[in-house]
Every structure is written in C-alpha cells, then in structure tokens.
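K.L.:
Below is a structure I'd like to ask you about.
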Amino acid sequence: MLLHKRIVFALFAIGVITLGNTKAQEIRQFDFGTGQVANGYTQVKATDVYADSTGFGFDYRSNPIAINRGSVNGKEDPLTSDFCTGIGSVFFSTKLPQGNYQVTVTLGDAIKATTTTIKAESRRLLAERIETKPGEFKTVRFNVAVYDSVIHPGRMVKLKPREVDKLDWDNKLTLEFSNTNPSIDAITIEPVKSPIQVFLMGNSTVTNQSLEPWACWGQMIPAFFGSERVVISNMAASGETLRSSLGRRRLEKVASMLHRGDYVFIEFAHNDQKKGSGETAYTTYNQYLRTFADTARNHGAIPVFVTSTHRRNFDKSGHVINTLGDFPDAMRMEAKKEHVTLIDLNKMTKTLYEAFGDEKSRTLFVQYPAGTFVGQNRELADNTHFCDFGAYELAKCMVEGIRKSDLILKEYLKKDLPVFDLNHPDDRDHWDFPFTPMFSSIKPYGN
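The numbering of the sequence shown is my numbering, which starts it at -7 and goes up by one.
If you want it as structure tokens, here you go:
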C-alpha cells in the first residue's frame, strides 16, 4: 500500500511540472586565432580563459596555441587562415542556459593535416576522428543538450556528492578537442527547434562517466546519430535504482522536459537486485517500470526498456554466468505485457563477451595494471564497469538493437554505419581513442 501511495504521489508531482526553465538563446559565433575576425563573430585568442563575466574561453587548464597562417595563395579567409590548437586535450566553454543546441565546428589547417575527436560535457562522444588534409577544411555539426538540476524554482534534482561538479549539470557547454593536431577554426552554436529528445535513465553502466578510465554506452551513442533532429540527454547516475531515481527526482526532471515524440530509454537492475534496494523482480521492480513507462506515455513520449548488461563472469566452459537474477526476465515480461519496445542488451552482451572469450573480454572493462594512468597507484580490476572501448562496443550493440526495433528513431541513425556483428566484434588492438586528461581510481557508485 505504501509503494502504491508513493507511485501515485510521484506521478502527481510529475504531472504538474511544466517546462519553464528552458530559455531561447541567440546564435553564438566564435572565430579562433589572432588574425582577421569574421563579420559577426567573437574572437577567441589562446589567452582567453573562461570566466562567467565574459561567458566564454578556454577551460580546465587547457594550454591552447594560436596560429595565424595569414595569406595563403594570395587569399586570407578570416575563419580559416588562423586557428587554435594544442597538445593533448583543449577545452573550450561557453555559458548557456538549459536547452538543446546545434553546434557547428570548422576544422582544418592550411599547411598541416589534422585529426580531431570532439567530446562534450562529461566526455559525451560527438565526433570521432575527423580528418583533414593540408589545406582542407571540414564543417562538423552535432546536437548537444545543456541542462541543470533545476526542475522549477525551489525544486531541484537531488544530485549525489560526486555529481555536483560534473560538467553535465552546469549552465555552460564545454567542448573537448583532442587527437592529432586538432585545429579549431570556428564554432557556431544555435538553438535546435523541436528536436527529438532521447532521455537515458539508468545506473553506472549507462551514465556519462566524467573521469577516465570509466565509460558507458550512454556517453558514446550520441556519435552514432546524425545532426538533423536527435539530441541525447543522459540522466542516468551511478548507483541508481528505479526507486532512487524517483526519490532523487530524476524522473521528475525528465518529465519536465518531455515533448510528444521524445523517447525515454530505461535500463536498471544492477543496484535494484541488491539487498536493501526495496525492489524485487516481478513485483516492486515491475511496478516501478510501469511508473516510468506510464510517465513517458502520459507526456506523449515513447518508453523503451533496455535489459541490463551482464557482468564479466564466465564458467569453466566459457559461457557467461547470469549474476542479475530474475531482473532481466522480469523486464522482458513487463515489456511484453505493457507493449513497450525492448532492446535486449543483456542477451547481446552475453553474445559479445563470449565472442571475446574469458581473457580477451577484459579489454571491455576497467582492467589496467598500476601505473597505466598518472596517479594510478594500484591495479584496477573491475568486471562491472566499462572502459572507453567497452562502452563503444556496447553503444554499437544499442545501435543494432535500435535498428532491429520498430522505433522511428532508427531513421535518424547515421546512414553509413556498418552492421555490427556481435559474434565478430572489433579488435581492441586496432582501435584508437584519445583519453580525456581527467582520471580517478575510485569506482563509480553501485559497484
């Protein structure tokens, strides 16, 4: 009876929230370097450090370098004749209110080849290995969500201590440029009108992990969508259960932002199964699943259930052992009963891990000897949480799940994506991805 009252109260609270804290923002245009400034653009020099008073600048101890090529072949283009680059990662931030934005980045160097990987906020992958030849310039577009913890004045998401300083929850957009000679010529930021919002809800296997070497599929999957309409908002958090997501007002926050035609992806089980969570498979767990699905539908959005990833646990015959009890089957049953689209990531990760095998599957997880990262004094051996490579492979699994579903969302995946064969996954030795220079040896909540 108490659970029923809580659910009714949660739905009532969610129902009265309106989208009141998203403000329209005019177009912002930045021209990087020390040369001529393009008309209508704000110049960004290497010495411009982010401050709230200016609302833009290089951030997080970046060491940018400004280069001015001047006239090339008798012509000087204000946008492309000068740029900013750096060794390692270069962070650029601009102050923005909550909203959905399309970011257009011009990359390239008149003299040297460049390779650029772009991440946003807490290491959300948005553009992977953009390459230009000497004298070649490319324009990259992607959508990004900027949000804060405010639901409406006086009511906020109850962030966990480790989330308070996460880049996801502040009123600014931070972009990270890395790889080989990333050359930033210009950035334009403008509001996206009526996007399809995809909200991700879950735990430490879904959230945007802000610190290396931890990563999740939720922070990799934005790079697999085209720029036309879709924007990803990852509201998952380490250590979360369905019940605690309600209690911390995460579902309420999502409900306050929902529009008709949006999506809510829901993946929980790792913490829900634990003693003291207040949830059991087929009973309270399923009731909470219905609460999440009903909340999405009541706002005209589309719920999607995602069965939880397996932990890395093999038997002597090389098969993955289920450590999640009845929770995956409980979600499958609820999806069928409530006619909710199901992406069976649990089943896919079993196939994926077994394709790698017991030993090689370690490359999917945070398993590194001491000294791999600066400040790492002990071995990391985690069979639950993923490294960048593992998160990337799981994002590919999710893409295949979306492709095989009846969701209209699949039409917005990038058109040139190759089919991912789970029985023949990528080789870690042939995969290159730049680390973000932010490290922690502390495991995420909910280990």
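For glycine and all other residues, C-beta sits at the position ideal for the given N, C-alpha and C.
Let's test the definition: count the other Cβ atoms within 10 Å of the Cβ of residue 415 and tell me whether it reaches 16, buried, or not, exposed.
P.N.:
With fewer than 16 other Cβ atoms within 10 Å, it is exposed.
K.L.:
Does the beta-carbon of residue 174 have 16 or more other beta-carbons within 10 angstroms, so that it is buried, or is it exposed?
P.N.:
Result: buried.
K.L.:
Where residue 162 and residue 104 are concerned, what is the direct C-alpha to C-alpha distance, given to the nearest angstrom?
P.N.:
If you take the alpha carbons of residue 162 and residue 104, they lie about 35 angstroms apart.
K.L.:
Find out if the Cβ-Cβ distance for the pair residue 85, residue 164 is shorter than 8 angstroms.
P.N.:
Closer than 8 angstroms, so yes.
K.L.:
Contact defined as beta carbons within less than 8 angstroms: I believe residue 433 pairs with residue 356. What is the distance between those atoms, to the nearest angstrom?
P.N.:
With 8 angstroms as the limit, residue 433 and residue 356 do not qualify as a contact, their Cβ atoms being about 19 angstroms apart.
K.L.:
Report buried or exposed for residue 423, applying the criterion of at least 16 other Cβ atoms within 10 angstroms of its Cβ.
P.N.:
Per the 10 Å Cβ criterion, exposed.
K.L.:
Classify residue 31: buried if its beta carbon has 16 or more other beta carbons within 10 angstroms, exposed otherwise.
P.N.:
Exposed: under 16 other Cβ atoms inside 10 Å.
K.L.:
Provide the residue span of the alpha helix (DSSP H) that contains residue 278, from first to last.
P.N.:
Note, residue 278: alpha helix (DSSP H), 276 to 290.
K.L.:
In whole angstroms, give me the CA-to-CA distance for residue 228 and residue 214.
P.N.:
Their backbone Cα atoms lie some 15 angstroms apart in a straight line.
K.L.:
Quick one: residues in its chain with C-beta nearer than 7 angstroms to the C-beta of residue 430, no 5 flanking neighbours on either side, listed in chain order?
P.N.:
202, 203 and 204.
K.L.:
Residue 27 and residue 73: beta carbons closer than 8 angstroms?
P.N.:
It is a contact, given that the beta carbons lie within the stated cut-off.
K.L.:
Check each candidate in 183, 427 and 181 and name the one with the smallest Cα separation from residue 366.
P.N.:
Of the listed residues, the one whose Cα sits closest to residue 366 is 427.
K.L.:
Which whole-angstrom value is the C-beta distance of residue 378 and residue 208, which I expect to be below 8 angstroms?
P.N.:
Yes, they are in contact, since the Cβ atoms of residue 378 and residue 208 sit about 6 angstroms apart, within 8 angstroms.
K.L.:
Spatial neighbours of residue 51 within its chain, please: C-beta separation below 7 angstroms, excluding the five flanking residues on both sides.
P.N.:
Excluding residues within five positions, the ones whose Cβ falls inside 7 angstroms are 42, 83, 84, 85 and 166.
K.L.:
What are the boundary residues of the alpha helix (DSSP H) that includes residue 237?
P.N.:
Element bounds for residue 237: 234 to 239.
K.L.:
I need the DSSP call for residue 130, collapsed to helix, strand or coil.
P.N.:
In this structure, residue 130 counts as strand in the three-state DSSP scheme.
K.L.:
Could you tell me the alpha carbon to alpha carbon distance between residue 186 and residue 221, rounded to whole angstroms?
P.N.:
Those two C-alpha atoms are separated by around 8 angstroms.
K.L.:
Buried or exposed: which applies to residue 411, given that a residue is buried once 16 or more other Cβ atoms fall within 10 Å of its Cβ?
P.N.:
Classification for residue 411: exposed.
K.L.:
Suppose you measure from the CA of residue 282 to the CA of residue 397; what does that come to, to the nearest Å?
P.N.:
Approximately 20 angstroms between the Cα atoms of the pair.
K.L.:
Does DSSP put residue 227 in a helix, a strand or coil?
P.N.:
DSSP places residue 227 in coil when its eight states are reduced to three.
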